[in-house]
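First residue of the sequence shown: 1, per our numbering; consecutive thereafter. All residues carry an ideal CB built from backbone N, CA and C; glycine is no exception. All of these numbers come straight from a predicted model, not from anything done at the bench. Working notes, beginning with the structure itself.
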Amino acid sequence: MGLSKLSLWIIIFLLLITNIFTLFFRGSPEEESFAFAGESGPLATVNGNEVSRSELIQRVMDDYGPDALVDIVNEEVVFSLAEENNLVIEEKLIEREISRMLVMRGLLGEEEKKELIADWERRIKYRYYLQQLLTRNVEIDNAEAEQYYEIYKNQYNFEQRVQLSHIILPTMEDAEKVLEELDSGKNFAEAARQYSIDDSGSDGGYLGFYSETSSFLPAEYFEQALALENNYSDPIETSQGIAIIYVHQNLPAITLDYEEVSDEVKQDIALERLDQEIDATTLWDELEVKTILDDD
């Protein structure tokens, strides 16, 4: 990629900034009329003093423009250099990072989840390409890398997690009645709010993500959860009462052996050794980069 492609990104960025206020105002016909009126007249008046369209655009550019522009150029530089240097990322590494990010989120709709994963995948690639580029000239001995991997092996793997909600009921008879309602189509979260005697009932019974080694859940939960996804269980006897669990997601374990993760291990060691901020702007000199910031 040369100057022309970076310039194209800068033009796109400026167009987005120029039109951002239109997105703020458009919606209803009345709001849309206001947006069009603002194109020729003031956006607001304060004691007769006008706030113009150009003032708004300048404020947005001053407050957010430089940082946003640097972010866009950084991405273009990193992905371009990654292509030039034939850099690759282990697919299981990307899957591991996506699973970790999912664990940090709550309940997601399918469309929202797809959009997030697409965004995360690009961010993950950017981060690992950047690490590869910044550490490519640092030599790390295989023996040192293998020893490091053995010490920190767990951080390179992902333990299986299940995303759960539950309903706790005082008796088996109560559980059977709730189960009948669920079988008839009642929403699980609504049933939890209505019937659960657990504190989580007010949150629709939502518990979050848990692993097999978690000490916060009955062992029976995980055993039942392994056979379920987007479905609820039969009643389970626990010390709290009779439980019905719902499994929203089952994220499988992801294990990477040393050969699969050796590049990442060496990058981690190299970054510790370099002891510097991970900054993509240090790579700009490797490409022909020119931005409007250069004129300041």
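query	result
Helix, strand or coil at Val289 [DSSP, three-state]	coil
Length of the line joining the Cα atoms of Ile94 and Asn142	23 Å
N- and C-terminal bounds of the beta strand (DSSP E) containing Phe209	Tyr206 to Tyr210
Closest by C-alpha distance to Leu56, when choosing among Asp67, Pro66, Gly48 and Ala44	Ala44
Local conformation of Thr135 per DSSP, three classes	helix
Through-space distance from Glu237 to Glu76, alpha-carbon basis	56 Å
Distance, Pro66 Cα to Gly38 Cα	Bear in mind that the predicted position of Gly38 carries a pLDDT of just 46, short of 50, making it unreliable; the figure below should be weighed with that in mind. Each residue's alpha carbon lies about 25 Å from the other.
Candidates Pro252, Ala243 and Leu217: closest to Glu229 by CA position	Pro252
Any 3 or more C-beta pairs closer than 8 Å across the stretch 164–180 and the stretch 277–292	no
Proximity of Gly204 and Arg193 at Cβ, strictly below 7 Å	yes
Segment limits, alpha helix (DSSP H) that includes Tyr308	For residue 308 there is no data in the structure shown, the boundaries of the chain being 1 and 296.
CB contact flag (Leu164, Leu207, <7 Å)	yes
Cβ neighbour criterion (16 or more within 10 Å) applied to Asp263	buried
Residues that Leu164 bridges to, as DSSP identifies them	Gly208 and Val247
Whole runs of the beta strand (DSSP E) within the stretch 219–281, excluding any shorter than 3 residues	242–251
Extent of the continuous alpha helix (DSSP H) run through Asn84	In the sequence under discussion, the amino acid at residue 84 is Glu, which differs from the Asn named in the question. Per DSSP, Glu84 belongs to the alpha helix (DSSP H) from Arg53 to Glu84.
Backbone CA spacing between Val78 and Tyr149 [nearest angstrom]	27 Å
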